[in-house]
Amino acid sequence: MTTRARQRYLSDNPRFLAWVFMSPTVIYILALVGFPFVLAIIYAFTDITTGNPAIEFVGFDTIRAVLADPVFRRALGNTFWFAVVSNLLVVILATALAELLTRDFKGKWFVRFLILLPWVAPVSLATITWLWTLDSIFSPIDWVLRQVGLISENMFWLGRPQLAMGSVIAVQVWRIAPLAAVIVMAGLTAIPNDINDAVAVDGAGPWRRLFQVTIPLLAPIIAVAVLFGVILTISDMSVVFVLTRGGPTHSTQVLSTWAFFKGIEGGALGQGAAVALFLFPVLVGITAVILRLARRREVL
Amino acid sequence: MRPTWEQTDITELRRKSRRRHRLGRLGIYVTALFFGFLAVFPFSWALISMFKQSSDLYVKDNNPFWFNEAPTLEHLRLLFFETNYLTFVRNSVLVGLAVTLITLAFALPTAYALARLRLRWGERMGIAIFLVYLIPPTLLFIPMTRVVNTLGLQETLWSLIVVYPTITIPISSWLLMGYFKGIPMDIEEQAMVDGYSRLGAVSRVVLPLILPGVIAVIVFAFTLSAHEFIYALAFNKSSAVKTIATGVPTELVRGDVFFWQSLQAAVILVAIPIALLFNAFLDRFISGFTMGAVKG
Chain A
10 MTTRARQRYL
20 SDNPRFLAWV
30 FMSPTVIYIL
40 ALVGFPFVLA
50 IIYAFTDITT
60 GNPAIEFVGF
70 DTIRAVLADP
80 VFRRALGNTF
90 WFAVVSNLLV
100 VILATALAEL
110 LTRDFKGKWF
120 VRFLILLPWV
130 APVSLATITW
140 LWTLDSIFSP
150 IDWVLRQVGL
160 ISENMFWLGR
170 PQLAMGSVIA
180 VQVWRIAPLA
190 AVIVMAGLTA
200 IPNDINDAVA
210 VDGAGPWRRL
220 FQVTIPLLAP
230 IIAVAVLFGV
240 ILTISDMSVV
250 FVLTRGGPTH
260 STQVLSTWAF
270 FKGIEGGALG
280 QGAAVALFLF
290 PVLVGITAVI
300 LRLARRREVL
Chain B
3 MRPTWEQTDI
13 TELRRKSRRR
23 HRLGRLGIYV
33 TALFFGFLAV
43 FPFSWALISM
53 FKQSSDLYVK
63 DNNPFWFNEA
73 PTLEHLRLLF
83 FETNYLTFVR
93 NSVLVGLAVT
103 LITLAFALPT
113 AYALARLRLR
123 WGERMGIAIF
133 LVYLIPPTLL
143 FIPMTRVVNT
153 LGLQETLWSL
163 IVVYPTITIP
173 ISSWLLMGYF
183 KGIPMDIEEQ
193 AMVDGYSRLG
203 AVSRVVLPLI
213 LPGVIAVIVF
223 AFTLSAHEFI
233 YALAFNKSSA
243 VKTIATGVPT
253 ELVRGDVFFW
263 QSLQAAVILV
273 AIPIALLFNA
283 FLDRFISGFT
293 MGAVKG
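Chain order of the listed sequences is A and B. In terms of this note's numbering, the first sequence is residues 10 to 309. In terms of this note's numbering, the second sequence is residues 3 to 298.
Quick look at the structure:
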């Protein structure tokens with residue numbers, strides 16, 4: 010009774026308040042994330058289309074049909090390789106960028122803004138500038154290469170399978186490296202200066218310092234940057250959609266674009282959902298690692 | 003008196019280290035310029051293109067980085083008065099504002115409950131909400147289209163206003179939870195001793211203290227909804243309800259005809275302000291985004 014008496018308002022009761030405060034978010038997320046997620050799994054076991062939206066289970070038929078499609082296999086492979094190659098490059102670039110941005114120099118805030126621009130600008134719009142930069146006829150890169158005499162004919166950056174894949178990877182690297190750099194930078198500033206000073210006094214040069222002190226200390230942070238980089242590359246659709254629409258002849262198709270073309274433009278909702286679900290195991294794996302790293306960090 | 007060997011050695015050393023220092027500084031500026039150039043290159047090409055006359059731009063051997071003919075504002079006029087660009091901008095702003103309001107309405111109480119009410123399942127709940135943020139729209143957009151159709155929201159801005167908070171609420175709750183935890187409980191308890199109810203204490207004492215965090219969350223909710231692409235592409239196909247992220251790439255390219263200058267202008271005019279806004283709050287975003295794995 011005494012506790013009751015002290016709580017003059019119902020809103021002072023923590024349990025009541027928690028219930029009132031939490032339930033809207035929980036209900037909203039269950040309805041608009043949980044439910045669609047379950048629906049995605051259900052879809053993958055039906056042959057639902059926009060023309061026939063009744064849910065009739067067909068077992069693994071839809072998934073088998075998806076797997077048998079050579080374009081899907083191409084998309085799966087591309088998703089994997091695009092993620093691996095671009096994130097390798099991202100790590101190298103991000104470490105260099107982070108080293109740069111932790112130094113003091115004039116006009117640093119401006120350089121920082123320029124470097125972050127690719128990530129803070131909306132992806133689909135930023136990719137349009139690349140679409141124009143890699144234009145088959147008027148690409149300024151081709152113009153420079155022609156002037157220097159390296160090429161006589163244009164490169165067709167987005168028109169040839171190998172080059173198109175390279176271009177997609179390059180744009181992903183360009184877009185994600187700044188984010189990774191900021192993450193690594195936060196890690197760099199957390200390394201106490203005494204360690205670097207002590208090692209310098211002991212006679213280690215800058216390279217030795219980089220490889221034997223900075224990089225080992227940074228490893229967990231770099232891992233976090235890579236994990237987010239992988240999530241961003243495998244779940245992104247706008248770069249491929251805007252640059253190549255998966256072409257030429259599906260050579261840059263990835264799971265997200267293929268799910269879109271199948272499910273939304275082609276109307277094969279079941280197959281589209283099944284294609285997208287192939288991302289899920291990867292996401293779960295990455296998430297588990299992130300959680301682990303984050304927890305270990307808290308203990309430190 | 004002749005300088006001893008020690009003194010010459012020291013001046014020599016000093017000169018050496020100064021030279022090395024200067025070289026190091028030069029290296030930093032060169033690297034900074036190099037990376038800055040790489041990052042900004044396509045944007046600068048877009049910026050130049052948007053003012054070029056067609057008779058200048060569409061000549062293969064003209065220097066692309068130079069105005070071979072006088073710059074023109076014609077393409078901006080075209081963009082503003084003969085395309086749906088302003089509609090897209092308006093749509094994005096409306097959606098962004100609505101999403102921001104909804105996000106705050108849901109995330110503030112949730113974050114407060116997670117940070118303050120000492121719930122038994124509080125920590126696990128917080129992590130669960132953060133994990134929702136890692137489920138990308140790519141995974142959900144097909145069934146989500148069905149949900150939106152069932153609710154009768156397709157081809158309206160409401161579809162985006164209702165769905166975007168699934169992206170913004172989790173990350174915002176997580177960030178705000180951190181900010182609430184940063185305010186000592188004593189402050190709140192003191193306010194309650196002084197006669198405020200719990201809600202009064204929160205709204206009059208705690209909220210003003212975390213105002214910078216709230217502003218950061220407002221910026222993120224707005225910019226994240228301006229960035230979003232897949233849902234907007236899947237739900238809304240008529241140009242009256244497209245956003246800048248989808249309208250510009252799909253509408254300003256008509257069949258095979260690219261209005262390159264207007265297209266680039268459309269990008270520059272929106273991307274730069276959004277980028278500036280986001281940039282100003284980026285560090286806060288990163289530390290929340292990485293779930294405290296990175297402590298800024």
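Cβ atoms here follow ideal geometry from the backbone N, Cα and C, with glycine treated the same way. As the structure is a prediction and not an experimental result, all values here were calculated from the model.
Residue-level contact to chain B via CB, residue i, 9 Å cutoff
i: G212(A); result: no
i: R13(A); result: For R13(A), the pLDDT reaches just 45, beneath the cut-off of 50, and the residue's location in the model is therefore unreliable, leaving the point undetermined.
i: M10(A); result: Bear in mind that the predicted position of M10(A) carries a pLDDT of just 39, short of 50, making it too unreliable to give a figure here.
i: P257(A); result: no
i: V308(A); result: Only weak support is given to the placement of V308(A): the predicted model assigns it a pLDDT of 39, under 50, and the value that follows is read from those uncertain coordinates. Not one chain B Cβ lies under 9 Å of V308(A).
i: D245(A); result: yes
i: A285(A); result: yes
i: R24(A); result: yes
i: L292(A); result: yes
i: F30(A); result: yes
i: S265(A); result: yes
i: P201(A); result: no
i: V94(A); result: no
i: T296(A); result: yes
Beta carbon proximity, residue i to chain A, threshold 9 Å
i: S264(B); result: no
i: G298(B); result: Since pLDDT at G298(B) reaches only 38, below the 50 mark, its modelled position is unreliable, and no value is offered.
i: D285(B); result: yes
i: W47(B); result: yes
i: G38(B); result: yes
i: T102(B); result: no
i: Y87(B); result: no
i: D196(B); result: no
i: A72(B); result: no
i: N65(B); result: yes
i: R21(B); result: no
i: M127(B); result: yes
i: I1(B); result: Since the first and last residues shown for chain B are 3 and 298, residue 1(B) lies out of range.
i: F261(B); result: no
Under 8 Å by beta carbon: chain A residues contacting residue i
i: A228(B); result: P131
i: S51(B); result: W141
i: T248(B); result: S133
Proximal residues of chain A, C-beta to C-beta of residue i below 9 Å
i: S175(B); result: T34
i: A242(B); result: In chain order: nothing, as chain A lies at least about 19 Å away.
i: R206(B); result: Residues of chain A passing the Cβ test: none, with the nearest at roughly 14 Å.
i: Y60(B); result: I146, F147
i: A236(B); result: F269, G272, I273
i: I223(B); result: In the sequence as displayed, the identity of residue 223(B) is Ala instead of Ile. Under the 9 Å cutoff, chain A gives no residues; its nearest Cβ is about 14 Å from A223(B).
Distance CB(residue i)-CB(residue j) smaller than 9 Å
i: T245(B); j: A228(B); result: yes
i: L197(A); j: F237(A); result: no
i: I163(B); j: L226(B); result: no
i: L300(B); j: L110(B); result: Because chain B here runs from 3 to 298, residue 300(B) falls outside it and cannot be looked at.
i: V2(A); j: V134(B); result: Outside the displayed range of chain A (10 to 309) lies residue 2(A), so it cannot be described from this structure.
i: V221(B); j: F283(B); result: yes
i: F342(A); j: G294(A); result: Past the boundaries of the shown model lies residue 342(A); chain A is included only from 10 to 309, so the question cannot be answered.
i: F66(A); j: T58(A); result: no
i: V193(A); j: L227(A); result: yes
Residues bridged to residue i [DSSP beta-bridge criterion]
i: V255(B); result: F260(B)
i: F66(A); result: T55(A)
8 Å Cβ cut-off: residues of chain B touching residue i
i: A27(A); result: A115, L119, L121
i: R112(A); result: I30
i: I178(A); result: Here the premise fails: no neighbours, minimum Cβ distance about 15 Å.
i: E281(A); result: Here residue 281(A) is Gly; the residue named in the question, Glu, does not match the sequence. Chain B residues near G281(A): I144.
Proximal chain A residues relative to residue i, where beta-carbon distance stays under 7 Å
i: R148(B); result: L48
i: N281(B); result: F122, L125, V129
i: L133(B); result: T296
Chain B residues whose Cβ lies nearer than 7 Å to that of residue i
i: L123(A); result: G38, A41, V42
i: G272(A); result: I144
i: V251(A); result: P251
i: I137(A); result: V250, P251, L265, V269
Under 9 Å from the C-beta of residue i: neighbouring residues of chain B
i: A225(A); result: Reading off the sequence shown, one finds Pro at residue 225(A), where the question assumed Ala. Residues of chain B passing the Cβ test: none, with the nearest at roughly 17 Å.
i: L288(A); result: P138, T140, L141
Worksheet entry | Touching by the beta-carbon criterion (3+ pairs, under 8 Å), the region 122 to 139 of chain A and the region 179 to 195 of chain A | Short answer: they touch.
Discussion item. Would the region 241 to 252 of chain A count as touching the region 260 to 273 of chain A if we require 3 or more Cβ pairs under 8 Å?
Written reply: Yes: the two stretches touch, three or more of their Cβ pairs being nearer than 8 Å.
Fill in: Inter-stretch contact (C-beta, 8 Å, three-pair minimum) for the region 96 to 106 of chain A and the region 273 to 286 of chain A
Cβ pair count under 8 Å is below three, so no.
Discussion item. For the region 150 to 159 of chain A against the region 257 to 277 of chain B, do three or more pairs of beta-carbon atoms, one drawn from each stretch, fall closer than 8 Å, so that the two count as touching?
Written reply: With the cut-off at 8 Å, the region 150 to 159 of chain A and the region 257 to 277 of chain B do not touch.
Discussion item. Under 8 Å, with one C-beta from each stretch per pair, do the region 109 to 123 of chain B and the region 20 to 31 of chain A reach the 3-pair mark?
Written reply: Between the region 109 to 123 of chain B and the region 20 to 31 of chain A there are three or more inter-stretch CB-CB distances shorter than 8 Å, so the stretches are counted as touching.
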